[in-house]
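Notes to accompany the following structure.
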Amino acid sequence: MPRWGSATGSSGDDPQSSRSVVAKHRRATLADLAEAVGMSANTVSRALANKDGVSARTRDIVAREAERLGYIPPSATATRRAARTVALVVTSSTNVFISRLITAVEATLRAQGFSLQLFVTEESMEVERQTIERLAGAAIAGAIVIPVQGPHSPWASVADDFGPIVAVAREIPGLETDLVAMDQQAAMYALTRHTLAQGARALYFFDEDLDVSSNRDRVRSFEAAVATNQAAVGRVISIPTRRFESRTHPWQPEEAYRAVNDILAAGERPDALLFEDDYYALGAIRALTEHGLCVPDDALVLGYGDHPYSSYLRPALTTVSVPTRLIAEAAVSLLARRIAGDTGPATHRLVGGELVVRESSVGLAGRAARHGATPSAPAEVSG
């Protein structure tokens, strides 16, 4: 079978003959040229543009093959300005925040005359690299990206050739680019301060064991808020991430159920359990109930994300609402400015979340009554 399809006149077994069919029957693409020379599309693109870091030998190989195939590189700048498609590269499609973001970004782009092309990396650096290779040289106007976190992000090496990039939720290591994110530190601080105000003194924060900037921000803010009250003690519990083992939702209630059950079985009695995601809170409530503890009288439970079911639990779950629509609108706005030619310094825009107080975190009346004491109010601090 011919490598490039069923074109007549090709031997099918000779790659050179097959590739020559490309030049005769359709315009060769960057992907055609990259396959012909056995290099990545990004390397070929940089060689054609005489970018630094590409050897003279590589440039010569690429130039000779481009001439043989009849490859004519488009003007990247003109192509991007004319393009009306934006790439949205995300780490998951089952994460509630990201699924909402996809919908909001698509609607916002459509209102401005753009279409969306979606790519999902599943938290894999290799898949992210493959995605970038596919996008290299493509007629896209720009990209909105939730990056995979790692010490050497592939986005940093292609930024000069890629067009505008706006990061969402997480920073891109090694690349100073526009960023739109929820103000995780302010939201977590407000959630923790609310918990202290209810009389809680032993606070446990359950966080997914994933080294990303948003997680680090939440942990730092939790610890800072606990430190405002000398009588309070905070503990951070890392729940093993399941993102690399399954494509299902990254936060599973059974993970929190096991973690809370182990803590209670060891004789520990937290006043409050705070969770990185509402899904974790589901498992926690089950574990507390099985140990004969009542929410909120014996222990407060607080989530994060304000998922659709959270207000229907009994007790209804206190949580943080994530402003997904505002994040999407801000990201598209920044990208549209860059596409239009704005070359100003990178902008970091933080969007505030909302503390949604419900039944699961109001008071520790049951515990106070059993111990014959009234919980003391936490020390107040400004801000």
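Read in order, the letters of the sequence shown are residues 1 to 383 in the working numbering. Just so it is clear, CB atoms sit at the ideal spot from N, CA and C, and this is done for glycine as well.
Item	Value
Continuous beta strand (DSSP E) stretch holding R235: start and end	V233 to P240
Segment contact, 8 Å Cβ cut-off, at least three pairs: the region 287–304 with the region 164–178	no
Inter-residue Cα distance where the pair is D306 and D298	23 Å
For D209, the three-state DSSP class (helix, strand or coil)	strand
Alpha-carbon spacing of T319 relative to A34, whole angstroms	49 Å
Residue burial classification, R46 (beta-carbon count within 10 angstroms, cutoff 16)	buried
Extent of the continuous beta strand (DSSP E) run through G283	Note, G283: premise wrong, no beta strand (DSSP E); alpha helix (DSSP H) at D278 to E290.
One or two residues paired with S115 in a DSSP bridge	T85
Cβ contact check for the region 326–333 and the region 349–356: 3 or more pairs under 8 Å	yes
Contact between the region 158–173 and the region 137–145 (3+ Cβ pairs under 8 Å)	yes
Run of the beta strand (DSSP E) containing D178, from where it starts to where it stops	D178 to M182
Span separating the alpha-carbon of S361 from that of A256	18 Å
Inter-residue Cα distance where the pair is F114 and T108	9 Å
Identity of the residues DSSP links to E254 by a beta bridge	Paired residues: none, contrary to the question.
C-alpha distance - G303 paired with A281, whole-angstrom precision	6 Å
Bridge-paired residues (DSSP) for I165	A143
Exposure of A231, with buried meaning 16 or more beta-carbon neighbours within 10 Å	exposed
CB contact flag (V356, M182, <8 Å)	no
Neighbourhood of T85 by C-beta, 8 Å cutoff - its chain only, sequence neighbours within 5 removed	F114, S115, L116, Q117, A139, I140 and A141
For E35, three-class secondary structure by DSSP	helix
For I98 and V90, believed in contact at Cβ under 8 Å, the rounded distance	5 Å
Rounded straight-line distance, which links the Cα of V301 to that of Y279	12 Å
Bridge partners - A272, DSSP secondary structure assignment	L203 and L300
Residues near G174 in its chain [Cβ-Cβ closer than 6 Å; skip 5 each side]	S153 and A156
Best match in Y309, E67, P270 and E276 for proximity to P296 [C-alpha to C-alpha]	P270
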